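Quick note, the sequences are listed as chains H and F, same order. Taking our numbering, the leading residue of the first sequence gets 2, the next gets one more, and so forth. Taking our numbering, the leading residue of the second sequence gets 76, the next gets one more, and so forth. Each residue gets a CB set at the ideal place from its N, CA and C atoms; glycine is no exception. Here the structure is a predicted model, which means the values were calculated and not measured. Report on one structure; see the data block that follows.
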Amino acid sequence: MKKAIVFILLLTLTLSTLIAEDVYSGSDPFTVYGYYNPGQIKQSITLSISKSGNKKVSNGDTIDWTKPNSGYKNVFDWKATGNFNGNVTVSFTVTPLVALLDDYYYIPGHSIKSTTPANSELVASSTDFTGNPPVTTFASGHSRTIEALDFRSREIVYSGSKTAPLNSSWSESGTFALEVTEYNQLYGGTFNYISTVTIELTVDAVQGGGQ
Amino acid sequence: MKKRISLLLLALLLGLSFLNAGKVDDISQTIAGYISTTDFCTLDITNYFTSNVITGTTVNGTFYRGINLDTNPSTNPSNDRDLITPYQSSIIMGKRIGAFNLKASHHSYTLTVTHEKLSSQNGTSYDYELGISFKLNDRTFEQACSSSNSVSFNFSEGAYGNDGVLIVNDGGIYFRLIDTVTQPGQYSSTVTFIVEANGSNP
């Protein structure tokens, strides 16, 4: 009987030590960017999304994993504007959706959709990060849906050439949405689900279209 | 007679062994459940200039992004100019460049935030003040510092909410120049959030 009690006490102490050392420490860095060009500003470019201060796909949105295929939930809208001429690329990098439990759990069974208006001048393509060429290339102005059934990050790229007359600017816009495609009771709790979407706008300027 | 007594004692010992083994299994399962359900600590940071809004200008084909560091009203008429101008007050003011959330349970923590000077590729660097501001249990916490110092907040058990969970939602991260920038170019600086546990788990 005494041997059994000693074993239980040792087990408790060991587990408590693991909690204190392994769970409660960490750091997270980010980079601040700034620029200084007094009196030289001739052209401008702006990229924005509709939900300021929100980089988490799931933050502020309710994802019901018990109701699959019930339609896409719009996560954010984006808009790019500029007043110069050149080749424009807008790219999205989307990480797999994970649940924050004791650790990160990858969540299959959802799709992401990116859409541009029918009059968009950009051509879109999508790929994963396996080094393969784009999975598909499709005409502008159409929705693009990607089945995110594995654990690889995805990329959607819009590209095209934009021109603007003097003293005017061009703009492009689109939406980014998420839909649950598989019923899964395991992920139906009140957990935090996270997928990081990085959106980037790059321009290969040819000549100024602004003032 | 001795044989009978020996057999009886042996049977009794065997019975006690089976009884003890069963108790050990039951209690160890209870401890495993405690670990998975009660302890957590998460920190996430939103940087407004990499994931949400990217603004900047193109000069001679080069795209510059981030905060316009020009504080001259004749060359930078934007409203942001006054927010980044070198400070003249001890009150935290500046351009909000990000947000952070911190959630933790049943522990004492220290949150430390450090940052480097703004540096360009040609080696020019300028210092700025980084401000942290948030509310916890209706009390406002604010600190700011230059790159030579750090801001630090200690969260003891008494700072927790009624449910025993520490929650900082939408904490503000602010930027304000200390030096005046005079050299054209693009600058960057790394900000680091560190969360550390104090003591052992209760």
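Check whether chain F comes within 8 Å of residue i, counting only Cβ atoms and requiring the distance to be less than that.
{"i": "F31(H)", "result": "yes"}
{"i": "Y220(H)", "result": "Missing from the structure shown is residue 220(H); chain H here goes from 2 to 212 and no further."}
{"i": "N88(H)", "result": "no"}
{"i": "P118(H)", "result": "no"}
{"i": "Y36(H)", "result": "yes"}
{"i": "S28(H)", "result": "yes"}
{"i": "P69(H)", "result": "no"}
{"i": "G61(H)", "result": "Here the model assigns G61(H) a pLDDT of 46, short of 50, so the residue's position is not dependable, and the following value carries that caveat. So, not an interface residue."}
Given residue i, which residues of its chain have a CB within under 8 Å of its CB, disregarding the five upstream and five downstream residues?
{"i": "G142(H)", "result": "Reliability of the predicted coordinates at G142(H) is poor, the pLDDT of 46 falling under 50, and no value is obtained from them."}
Within its chain, find whatever has a CB closer than 6 Å to the CB of residue i; leave out the 5 residues flanking it on each side and keep chain order.
{"i": "G206(F)", "result": "I167, G169, A219, Y249"}
{"i": "T267(F)", "result": "T189"}
{"i": "F177(H)", "result": "V76, F77, S115"}
{"i": "G260(F)", "result": "S195"}
{"i": "A179(F)", "result": "C116, L241"}
{"i": "R171(F)", "result": "G247, Y249"}
{"i": "T265(F)", "result": "E191"}
{"i": "D254(F)", "result": "Y201, D202"}
{"i": "N229(F)", "result": "T185"}
{"i": "N244(F)", "result": "N176"}
{"i": "R156(F)", "result": "T146"}
Does residue i get closer than 8 Å to chain H when you measure Cβ to Cβ?
{"i": "L300(F)", "result": "The displayed coordinates of chain F run from 76 to 277. Any statement about residue 300(F) would go beyond what the structure contains."}
{"i": "S263(F)", "result": "yes"}
{"i": "D145(F)", "result": "yes"}
{"i": "F250(F)", "result": "yes"}
{"i": "T150(F)", "result": "yes"}
{"i": "T267(F)", "result": "yes"}
{"i": "L193(F)", "result": "yes"}
{"i": "I242(F)", "result": "no"}
{"i": "N224(F)", "result": "no"}
{"i": "I172(F)", "result": "yes"}
{"i": "N197(F)", "result": "no"}
{"i": "V256(F)", "result": "yes"}
{"i": "N122(F)", "result": "yes"}
{"i": "R140(F)", "result": "yes"}
{"i": "P259(F)", "result": "yes"}
{"i": "N127(F)", "result": "With a pLDDT of 47 at N127(F), under the threshold of 50, the predicted position of this residue should be treated as unreliable, though the coordinate-derived value follows. Answer yes: the Cβ-Cβ gap between N127(F) and chain H drops below 8 Å somewhere."}
Can you name the start and end residues of the alpha helix (DSSP H) that residue i belongs to?
{"i": "D157(F)", "result": "155-159"}
Would residue i pass as a contact of residue j if the rule is Cβ separation under 8 Å?
{"i": "R251(F)", "j": "E204(F)", "result": "yes"}
{"i": "R214(F)", "j": "Y34(H)", "result": "no"}
{"i": "L118(F)", "j": "V226(F)", "result": "no"}
{"i": "T94(H)", "j": "E156(H)", "result": "yes"}
{"i": "L177(F)", "j": "V256(F)", "result": "no"}
{"i": "Q258(F)", "j": "Y73(H)", "result": "no"}
{"i": "S170(H)", "j": "N84(H)", "result": "yes"}
{"i": "T90(H)", "j": "T203(H)", "result": "yes"}
{"i": "S231(F)", "j": "S153(F)", "result": "no"}
{"i": "T150(F)", "j": "P30(H)", "result": "no"}
{"i": "S263(F)", "j": "T32(H)", "result": "yes"}
Which residue marks the beginning of the beta strand (DSSP E) containing residue i, and which one marks its end?
{"i": "E173(H)", "result": "171-181"}
{"i": "Y184(F)", "result": "183-190"}
{"i": "T82(H)", "result": "74-83"}
{"i": "A174(F)", "result": "170-180"}
{"i": "T199(F)", "result": "First-last for T199(F): undefined, no H or E at that position."}
{"i": "L144(F)", "result": "Here L144(F) belongs to no beta strand (DSSP E), and DSSP marks it neither H nor E."}
{"i": "L123(H)", "result": "It is not in any beta strand (DSSP E) - L123(H) carries neither H nor E in the DSSP assignment."}
{"i": "T121(F)", "result": "116-122"}
For residue i, which residues in the same chain have their Cβ closer than 7 Å to its Cβ, ignoring the five residues on either side in sequence?
{"i": "T160(F)", "result": "T146, L252"}
{"i": "S172(H)", "result": "K80, A81, T82"}
{"i": "S222(F)", "result": "H190, E191, K192, D202"}
{"i": "A174(F)", "result": "T121, D245, G246, G247, I248"}
{"i": "E201(H)", "result": "S92"}
(request) With a floor of 4 residues, list each alpha helix (DSSP H) that falls wholly inside the region 209-260 of chain F, ordered by position along the chain. (result) none
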